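First to last, the protein sequences are chains E and F.
At position 31 of the first sequence the residue is numbered 31 (UniProt numbering), and the sequence of numbers has no breaks.
At position 149 of the second sequence the residue is numbered 149 (UniProt numbering), and the sequence of numbers has no breaks.
Even for Gly, the Cβ is constructed at its ideal location relative to N, Cα and C.
Owing to the predicted nature of the structure, the values given are computational and were not obtained by experimental measurement.
As structure tokens, the structure follows; a few thoughts come after it.
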Amino acid sequence: MTQSLATFLSLSIDGVAYGMLLFLISVGLTVTLGVMRVVNLAHSAFAMVGGYFTLWAMQRAGLDFFVALLVGVLGTMVLGAILERTLYRWVYTANGLGQLLMTIGLAFIICAIAKHFAGTELQTIPVPQGLRGTWDFGAFSVSVYRIFALVCSAVVAFGIWLGLERTSFGAKLRAAVDNPRMARCVGIDVPLVFSITFAIGCGLSGLGGALSSQILPLEPYYGLKYLVLVLIVVAAGGLGSLRGSLYAGLLLGLIDTLGRYYVPALGAFMIYLAVLAILLIRPQGLVGRA
Amino acid sequence: MMKRHLWLAVALASVCQFTAVSVARAEEIKVGVLGLFSGSASWWGTEYRRGLNLWMEQNKSKVGDDTIVLLERDEGGVNPQRTRQLAQELVVRDQVQYLFGGSFTPNVLAMADVVNQTKTPLVIGNSGTSSVTLKSPYFARTGFTQWAVSVPLVEYAAKKGVKNAAIVVADFATGYDAIDAYSETFKKAGGKVAVEVKVPLGTTDFSSYLQRVRDAKPDAVFMFMPVGPMSAGFVKAFKERELDKAGIQLFATTETMESDLPAIGDSALGTITALHYSPFLTTPENTAFVKAYKAKYGPGALPSIASVSAYDSMTLIAQMIKATKGKKDADKAIAAVKGYSWMSARGPVSIDPKTREIVQNVYIRRVESIDGKLGNKPIDTYKSVVEPWHISHPEVAAK
């Protein structure tokens, strides 16, 4: 295998893994946006919360990485459910602008609270020994952790698809969104369905935040800093399309990683150029809503 | 009767107040402090404040009979317009005699006009760009420049047998200084630069850049990133990608600060850096400084380049106040610090009369586990390093 081919392969795997992580932190927003029609700008703040919960579970409670991950995800889900039952009630009834303002305000508040408790230093979640380092095959080397993150995200993606398309809960949810009144008439508890969906969305972003802390380190401004990334993935994929987010995440992750290597002069701009191109050609996103 | 008494009391009180105020005014010297007290770089502001307050406590806020009053203003981030406006307000409205601050180069440059027009000395606490002190005759720097630490770093590496190196820097002014300093020094020492990589500000995913380094197959990497997420992220990624196992050694400057080491974790172990300070210096001055710092800010706290430079800036400002007997006279004040030398926690230091840059030791340090915590242990010293950029670029420096 030649050096340049090995480089290309290594980069592609990095890019795919990065893309899958992007998908993971934005998929929760895709679910709430697409299914519940709520523009939740506090979404990436939930990713940060998930990350901090996981970190604290490891540092303060001394839990194992995988247990801590579970604690982090569940903690974020509980927080999400509580906020949904209290604050988001008003957000649902607000118009588009109102939703934006309320949720970005919430993002600021969460960031301030995180700063109070976690301090301004940036932190990453320590990874167990088995997931560190690289696998080398001659000139070709891949990071073990990236493969792990890739597999996790793929499992989650498949799980969400299965949940929405193949379970009775998924059917209820789709019904509740398309016609809440009719859904209520056939005995679906619409508010409960929404609460659960919202909590799942938060949990997913929490998982994404915890898993991606190696690439996007935790800090109190995380929720605002990476909001743009999340919105880019959701917008380029097509608002609310699960498949679209997956494609967009993968495509942008790849373009970003390869672009930084092969076109260093453009560096970090490649991702924005790519989004611009995608939205020019397909204003509805890669998989626009019909 | 009652009424007359009341009038008298009021009159008396106001006279007292007037005299009290005017007496206090005569001895009060205001120092404007510009720091990053909020936002994602607020570590700088906190450390500045700690260094300043420690000095104020130890000296009871006094220089001779004059009392020093600090007026803090928040730059809030890389924000030249705001910093300029704040500096202007401090000088014009609040009548400060001296300014201290400046963490990031753009903010410092923005203050040059205000400083020049109002003749207010500015003691710069950081800003790694060498050319900054050329912008005003009233600038003096107690921080460091990227050049001053890069040159010893590369010389040390070359001495240890590094022949072929990659240079990885963040894509902004100080990064360019680092590239120039690294490559000029390294070529002079007979080394070959395999690749130069510029990483955009704000990057947290370093995979592509590390791949470029790996493909170039160097013996070593000389890096420069701004303190914070990029520094920690790069050092961490470097070790996790096992570039060290591929035989590449990492050389850095400020990137392994004690405040960032917990985030980097054990992967920082063994990293060699060059910097003008380490809290683990064993000189009596530093031992006393660290002890005082811990007594004031808690047993877990450690001073850093920012708190030390804030503390030393107060020493410098005190010297200016002494020389001018508390009067506002910028030329006399600056003249008084040119060539001024004292013993700092970082070792013997002096202000270069030509450039108003600080002359100081640069320590080669290695990240080790010290009392169960990661820290930078000094392993070699380059004594009294004179800011090298001004020497190697006389044609620019003369302008």
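query, result
"How many angstroms separate the CA atom of residue 387 of chain F from the CA atom of residue 22 of chain E?", "44 Å"
"Could you give the DSSP three-state label for residue 282 of chain E: helix, strand or coil?", "coil"
"Unbroken beta strand (DSSP E) runs of length 3 or more, entirely within the region 241–291 of chain F: which are they?", "249–252, 272–275"
"Quick check on residue 319 of chain F: does DSSP put it in helix, strand or coil?", "helix"
"Check residue 69 of chain F in the structure and name its three-state DSSP category.", "strand"
"To which residues of the same chain is residue 25 of chain F closer than 6 Å at the C-beta, ignoring the five residues directly before and after it?", "Unreliable placement is indicated for residue 25 of chain F, whose pLDDT of 46 sits below 50; no coordinate value is reported for it."
"Indicate whether the contact test is met: 3 or more Cβ pairs, each with one atom in the region 236–256 of chain F and one in the region 265–272 of chain F, closer than 8 Å.", "yes"
"Using the Cα positions of residue 252 of chain F and residue 214 of chain E, report the straight-line distance between them to the nearest angstrom.", "20 Å"
"So for residue 232 of chain E, helix, strand or coil by DSSP?", "helix"
"Compute the Euclidean distance between the alpha carbons of residue 96 of chain E and residue 146 of chain E, then round it to the nearest angstrom.", "37 Å"
"DSSP three-state call for residue 343 of chain F: helix, strand or coil?", "strand"
"Buried or exposed for residue 188 of chain F, going by 16 or more other Cβ atoms inside 10 Å?", "exposed"
"Buried or exposed: which applies to residue 136 of chain E, given that a residue is buried once 16 or more other Cβ atoms fall within 10 Å of its Cβ?", "exposed"
"Return yes when the Cβ of residue 252 of chain E is within less than 8 Å of the Cβ of residue 281 of chain E, no when it is not.", "no"
"Closer than 8 Å, Cβ to Cβ, to anything on chain C: give me those residues from the region 93–123 of chain E, in chain order.", "Among the chains of the structure shown, chain C does not appear; the protein chains present are E and F."
"Quick one: using the 10 Å Cβ neighbour count with 16 as the cut-off for buried, is residue 172 of chain E buried or exposed?", "buried"
"For residue 413 of chain F, which residues of its own chain have a beta-carbon under 6 Å away from its beta-carbon, when the five flanking residues on both sides are left out?", "Residue coverage of chain F in this structure runs from 1 to 399, which leaves residue 413 of chain F outside it and unanswerable."
"So residue 142 of chain E and residue 255 of chain E are in contact, right, with Cβ under 8 Å, and what is the actual spacing, rounded?", "Wrong, their Cβ atoms sit about 19 Å apart, outside the cutoff."
"At the level of alpha carbons, what is the spacing between residue 58 of chain F and residue 133 of chain F?", "29 Å"
"I want to verify the contact list: residues of chain E whose CB lies under 7 Å from the CB of residue 211 of chain F, in sequence order.", "7, 10, 11, 261"
"Helix, strand or coil for residue 387 of chain F, going by three-state DSSP, please let me know.", "coil"
"So, is the C-beta of residue 74 of chain F closer than 8 Å to a C-beta in chain E?", "no"
"Give the secondary structure of residue 24 of chain F by DSSP, where H, G and I count as helix, E and B as strand, and everything else as coil.", "Only weak support is given to the placement of residue 24 of chain F: the predicted model assigns it a pLDDT of 45, under 50, and the question is left unresolved by the model."
"Please identify the residue among E:82, E:243, E:4, E:87 whose C-alpha is closest to the C-alpha of residue 105 of chain E.", "E:87"
"Any contact between the region 38–56 of chain E and the region 201–218 of chain E? By contact I mean 3 or more CB pairs, one from each, below 8 Å.", "yes"
"Report back the beta-carbon spacing between residue 123 of chain F and residue 100 of chain F to the nearest angstrom; my notes put them in contact at under 8 Å.", "5 Å"
"Contact criterion: CB-CB distance below 8 Å. Does residue 14 of chain E meet it with respect to chain F?", "yes"
"Just mark residue 389 of chain F as buried or exposed, buried being the case when its beta carbon has 16 or more other beta carbons within 10 Å.", "buried"
"Taking 8 Å as the CB-CB limit, is residue 80 of chain F close to chain E?", "no"
"Quick one: Cα of residue 129 of chain E to Cα of residue 70 of chain E, how far?", "19 Å"
"Residue 309 of chain F CB to nearest chain E CB: under 8 Å?", "no"
"Helix, strand or coil: how does DSSP classify residue 184 of chain F here?", "helix"
"I'd like the span of the beta strand (DSSP E) that includes residue 125 of chain E, first residue to last.", "Where residue 125 of chain E is concerned, there is no enclosing beta strand (DSSP E), given that its DSSP letter is neither H nor E."
"Within the continuous beta strand (DSSP E) that includes residue 331 of chain F, where are the two ends?", "Note, residue 331 of chain F: premise wrong, no beta strand (DSSP E); alpha helix (DSSP H) at 330–337."
"What residues of chain E sit near residue 197 of chain F, judged by a beta carbon separation below 9 Å?", "264"
"Give the residues of chain E in contact with residue 263 of chain F, contact being defined as C-beta atoms less than 8 Å apart.", "121, 122, 123, 124, 217"
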